[in-house]
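At position 141 of the sequence shown the residue is numbered 132 (our numbering), and the sequence of numbers has no breaks. For every residue, glycine included, the Cβ atom is placed at its ideal position computed from N, Cα and C. Treat the numbers as computed from the prediction; the structure is a model and nothing was measured. What follows is one structure encoded as structure tokens, with my remarks underneath.
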Amino acid sequence: MAGFQFKVDAKAFARDLEKIDKRMRFAGEGAEHTLAVKMAKDTDQYTPSSGAPAGMHNRVIVHEDTIIYPGPYARFLYYGKLMIDPKTGSSWARKGASKVIDPKGRDLSISPADHGKAQSHWFEASKAQNLDKWRRVAGRAVQREFRR
-8 MAGFQFKVDA KAFARDLEKI DKRMRFAGEG AEHTLAVKMA KDTDQYTPSS GAPAGMHNRV
52 IVHEDTIIYP GPYARFLYYG KLMIDPKTGS SWARKGASKV IDPKGRDLSI SPADHGKAQS
112 HWFEASKAQN LDKWRRVAGR AVQREFRR
């Protein structure tokens, strides 16, 4: 019976693994941005207006993998609670003052005028409807980015 010998160039294999690892990280970053854009778009219908002329949903920013809803209105609209100046108790804050949630826990009245599904905690509402779709989008985005 003849013996066989194999020789493996481990250095070449390590270089390939390094390339694959780098490619996976790049693909993941691109896919994260693609997913964030899709999530912002799908969540738009749940986002209330800020009362500003452009409306908060029209000013959303997607930066890399982060969705940014601009202030100063986003925080209190998201939680759906009246926020007041802690010193005066007014919903109009003094210049430089930071608002706090009203201790009485009064809810905001969110108008469905801009979007019929507008509500507080809009991301959770969107996630409940779109999570499976977002998973598919993320998978396809990683595959597409990896092939580049």
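**Message:** Three Cβ pairs or more, each shorter than 8 Å: is that satisfied between the stretch 6 to 17 and the stretch 92 to 112?
**Reply:** no
**Request:** State the start and end residues of the unbroken alpha helix (DSSP H) segment that holds Val51.
**Result:** Per DSSP, Val51 belongs to no alpha helix (DSSP H) and is neither H nor E.
**Message:** Taking the alpha carbon of Tyr60 as the reference point, which residue from Lys78, Thr38, Gly71, Pro77 has its own alpha carbon closest?
**Reply:** Thr38
**Request:** Determine which residues share a DSSP beta bridge with Met74 and list them.
**Result:** Ile92
**Message:** DSSP three-state label for Asp105, please.
**Reply:** coil
**Prompt:** Ile58 bridges to which residues according to DSSP?
**Reply:** Val53
**Prompt:** Where does Ser40 land, buried or exposed, given buried means 16+ other C-beta within 10 angstroms?
**Reply:** buried
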